[in-house]
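Letter by letter, the sequence shown follows residues 1231 to 1478 in our numbering. All residues carry an ideal CB built from backbone N, CA and C; glycine is no exception. Because the structure is a prediction, the values reported are computed rather than measured. Worksheet: the structure to be examined is printed underneath.
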Amino acid sequence: MICIRDLRYRYPDGTEALKGISLTVPDGEFLLICGPNGSGKTTLIRHLNGLLKPSSGSVEVDGFGTVDSPRDVLQRVGMVFQDADSQIVGETVREDVAFGPENMGLSAAEVENRVEEALELVGMTALAEKPCHLLSGGEKRRVAIAGVLAMRSRILVFDEPFVNLDYRGVQQVLRQIVQLHREGHTILLTTHDVEKVIAHVDRIAIVYKGELKASGNPDAIIPELEQYQVRPPCTSLPAQRALSWLPD
């Protein structure tokens, strides 16, 4: 689904943020991209929908290049940013979720259908008319997710989705992400706090100082986290199995 080849990116001030990253993500995978702050995680995922253009190398999504076919890529990749407030543009929940489909030029009936479907998927139907500025942090993240779902994005990218959320907010957002993965979406999620999500991911990739240092299943990668300044997750003794933040 996603193919990244020798991706390099240098910011205008000369900072080399990505140093030859190559990575493939198959359809339906839940990939955790972790690393300390400043490691290049956000720079990497901003290439997936064409927000940033490679200095060299390439990024393809479902066979479409982010440079040559940006419109096709945007139809496939939805991104939920770290700051949910920056992504919310509507006065009410319903208006915000409708913004994307309306700008796609869809009919009023199709927009309404997509909005209702997306709100139901994230459990926000009852709050459809609520002003966005009155929502909690977790609710704002769910609205941002609904806005992406209304665009019918197959690939969902979450940049530090648990920042500034309390325990209940983390559970709300995590439950929604896990459910979307179960429904067949390809999920990429960045965080330096792996404990909150590690029980649910298929694979972990470690990005450190702009390089891909390791990639593999969680059991294989957990022992390598600390050497790249990522706090290992708490485990359940004696099984040493990562605990989920969601109740059974």
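- For Arg1433, the enclosing beta strand (DSSP E) stretches over residues Arg1433 to Tyr1438.
- Comparing alpha-carbon positions, the option among Gly1368, Ala1380 and Gly1330 lying closest to Ala1314 turns out to be Gly1368.
- Linking Ile1452 to Leu1357 through their CA atoms gives a straight-line distance of about 39 Å.
- Non-local C-beta neighbours of Leu1455 in its own chain, meaning closer than 6 Å and more than five positions away in sequence, comprise Pro1462, ordered along the chain.
- Taking all protein chains shown into account, Arg1412 has fewer than 16 neighbouring C-beta atoms within 10 Å of its C-beta and is therefore exposed.
- In this structure, the straight-line span from the alpha carbon of Leu1473 to that of His1277 is close to 32 Å.
- Bridge partners of Tyr1241 according to DSSP: none are assigned.
- Taking each of Val1373, Gly1287, Thr1322 and Val1427 in turn and checking the Cα distance to Gly1353, the smallest one comes out for Val1373.
- In the DSSP assignment, Ala1376 falls within the unbroken alpha helix (DSSP H) covering Gly1367 to Leu1379.
- With distances taken between CA atoms, Gly1265 lies nearest to Leu1442 out of Thr1296, Leu1442, Val1427 and Gln1305.
- Close CB contacts of Thr1254 within its chain, under the 6 Å cut and outside five residues either way in sequence, are with Cys1233 (chain order).
- A check of alpha carbon separations from Gly1287 across Gly1335, Val1297, Cys1464 and Ile1263 identifies Val1297 as the nearest.
- Note on geometry: alpha-carbon atoms of Lys1249 and Gln1459 lie some 19 Å from one another.
- Taken through DSSP and simplified to helix, strand or coil, Asp1315 comes out as helix.
- Contact annotation: the segment 1416 to 1427 touches the segment 1386 to 1401, with at least three C-beta pairs closer than 8 Å.
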